[in-house]
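Protein chains: 2
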Amino acid sequence: MSIPIRVAVVEDNKLFREGLQSLLNFSPDFECSGDFDSGAVALATLSTDIPDVILMDIDLPELSGIECTMQLKSAAATANIQVIILTVLEDEYKVLEAILAGASGYLLKSSSPELIMDAIRQVCNGGSPMSPAIARKVFGLMKLGYSLPDNKIRLNKRETEVIEGLVQGLTYKMIGEKYFISVDTVRTYIRNIYEKLQVNSRSEAVVKAIKYRLV
Amino acid sequence: MSIPIRVAVVEDNKLFREGLQSLLNFSPDFECSGDFDSGAVALATLSTDIPDVILMDIDLPELSGIECTMQLKSAAATANIQVIILTVLEDEYKVLEAILAGASGYLLKSSSPELIMDAIRQVCNGGSPMSPAIARKVFGLMKLGYSLPDNKIRLNKRETEVIEGLVQGLTYKMIGEKYFISVDTVRTYIRNIYEKLQVNSRSEAVVKAIKYRLV
DNA sequence: GGAACTATCGCATATATATGCGAATAGGAG
DNA sequence: CTCCTATTCGCATATATATGCGATAGTTCC
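As given, the protein sequences belong to chains B and W, one line each in that order. All letters in the first sequence, in the order written, are residues 3 to 217 by this note's numbering. All letters in the second sequence, in the order written, are residues 3 to 217 by this note's numbering.
And the structure:
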């Protein structure tokens, strides 16, 4: 038998919080290291009593679960805690924000006890458990932001370097200096890039480059 | 008892394919409607004998699983098939491509039979099952492409409209005409936007707008 | 050897952008 | 009533970009 995983619960709903707590303490694999009904209290205590995993409600009053996650992940002492967000909704932008804030998992509150316990094990193993309904939203987000690469679009080495410069906001002059080619040569490559991307302005090229992941 | 879910298998490894097949046929909930060892054969047959779900190996010889998925999803007859990608690797760009091609789920081949069967049920329920190890990669991708919105950056209505125009590649003149304001007014808004985004060129503004999801 | 292709550079010019320095009107908060 | 913000507009000017129409040198292919 190994050491139990220390799990903290941040949830303002008393009933749900206690449910999670007893779920954890019922299993020998886990140990509820603390339970909090607000993000502020959690932040204060968690910096000294550091758990392995946090089950974090997203809809906390005052300090939101996302804010709370962000602060935990940006403090050195608590940066390694694996945060699993629990939510009743499936808002894709909230998911994105949670991911950016540093959460490692995202589960619906309706998930079964087994799933929640599995999820805790998975974040400890470097995985990111996500309820399928949530994952569907994430898929939708990715489809919005990116497009499948077009086989007709194939930039060579120099063109790729130049468009990277464009995306970084460098002027033609700066791009030329960076790669030791003349401004006029940069212009030539940009012509080719515009031709390939079917655009005729720098900003359109930049948008397409990002969408098609050419940079 | 309801009608079994019809599942096709596209997998070049005979052993694994037959394993999936018997897994499916063993359960009354599922029915293996066909099994294929190549994408081309699958494409040819699947357009007439249409399953509910496809378990698709990603590493097929010749026509890749992603190519195959793309073609299935772009043909009207087969567009509604839910494709679950099976893979041994966890390459994040492959995941992204699969998502863009129209896959609904993404599982490691090492997943347990129960997980695979659950996944089939989930895609039928509008979910996108994803192995946690894969989801972790997807999380990483999203972190690369986006940043948490900066609270200091808050564009008002007009500014938002203007930056949308910038991202769309419109000229100042076109933006002005679109919103019935003068070019000089557009300039004024752009000044404010640049100030707020801390940039001083159109392309930098466009990149930041995308990264911070201002558009 | 010539055709085709790539990588490099030059010059001219018409637009587009970036920015400095204004200003007027209207509405909301204190 | 005053301060602040949002919204609108104008003019001048220095750069930056977009694009047309070239050129030269080196490679590869046949």
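Glycine included, C-beta positions come from ideal geometry on N, C-alpha and C. In this text, all values refer to a predicted model and were calculated from it rather than measured experimentally.
Interface annotation, W:G41: not in contact with chain B, CB-CB separation never under 7 Å. At a C-beta separation below 8 Å, B:R189 has no neighbours in chain W, since its nearest C-beta there lies roughly 16 Å away. When Cβ-Cβ separations below 7 Å define contact, B:S130 makes contact with chain W. Put simply, the CB of B:V208 is near chain W, with a gap under 7 Å to one of its CB atoms. Listed in chain order, the positions of the stretch 117 to 143 of chain W with a beta carbon within less than 7 Å of a beta carbon of chain B are Q124, G128, G129, S130, P131, M132, P134, A135, A137, R138, V140 and F141. Here W:T71 really is in contact with W:M58; their C-beta atoms are around 6 Å apart, less than 8 Å.
Comparing alpha carbon positions, the residue from B:L102, B:L88 and B:Y148 closest to B:K210 is B:Y148.
Residue pairing of B:C34 in beta bridges, as defined by DSSP: B:V9. For the pair B:Y108 and B:M132, the CB atoms are nearer than the 7 Å cut-off. Going by beta carbons, B:V90 and B:K111 fall inside the 7 Å limit. For the pair W:V125 and W:S113, the CB atoms are not nearer than the 7 Å cut-off.
Residue-level contact by beta carbon holds for W:I101 and chain B, with a gap shorter than 7 Å. Inclusion of B:A10 and B:S35 in the CB contact set at 7 Å is warranted, their separation being smaller than that value. Residue-level contact check: B:L172 does not touch chain W, since none of the beta carbons of chain W fall below 7 Å from its beta carbon. Among the residues of chain W, none has a CB under 7 Å from the CB of B:K111; the nearest is roughly 16 Å distant.
In the three-state DSSP reduction, W:Q84 falls in the strand class (E or B). Within chain B, not a single residue places a beta-carbon under 8 Å from that of W:I56; the smallest gap is close to 16 Å. Within chain W, the residues whose beta carbon sits less than 9 Å from that of B:K145 are I101, L102 and G104, listed in sequence order. If the five residues before and after B:Y214 are omitted, its C-beta is found closer than 7 Å to the C-beta atoms of S149, P151, D152 and I155, all from its own chain and listed in chain order. Contact annotation, W:T162 with W:L216: C-beta distance approximately 7 Å; criterion of less than 8 Å satisfied. Only residues of its own chain outside the window of five on either side were considered, and among them S184, V185, T187 and V188 have a CB closer than 8 Å to the CB of W:G178, listed in chain order.
Within the model, the alpha-carbon separation for W:L25 versus B:E99 is close to 39 Å. At a cut-off of 7 Å between C-beta atoms, B:L65 does not count as an interface residue with respect to chain W.
In terms of Cα proximity to W:S66, the closest of W:A42, W:P53 and W:A79 is W:A42.
In this structure, the CA atom of W:R193 is about 42 Å from the CA atom of W:D93. In the DSSP assignment, W:D59 falls within the unbroken beta strand (DSSP E) covering V55 to D59. Counting along the chain, the unbroken alpha helix (DSSP H) around W:G178 starts and ends at Y174 to Y181.
Cβ-Cβ distances below 7 Å link B:D51 to S35 and G36 in the same chain, with the five nearest sequence neighbours on each side left out; the list follows chain order.
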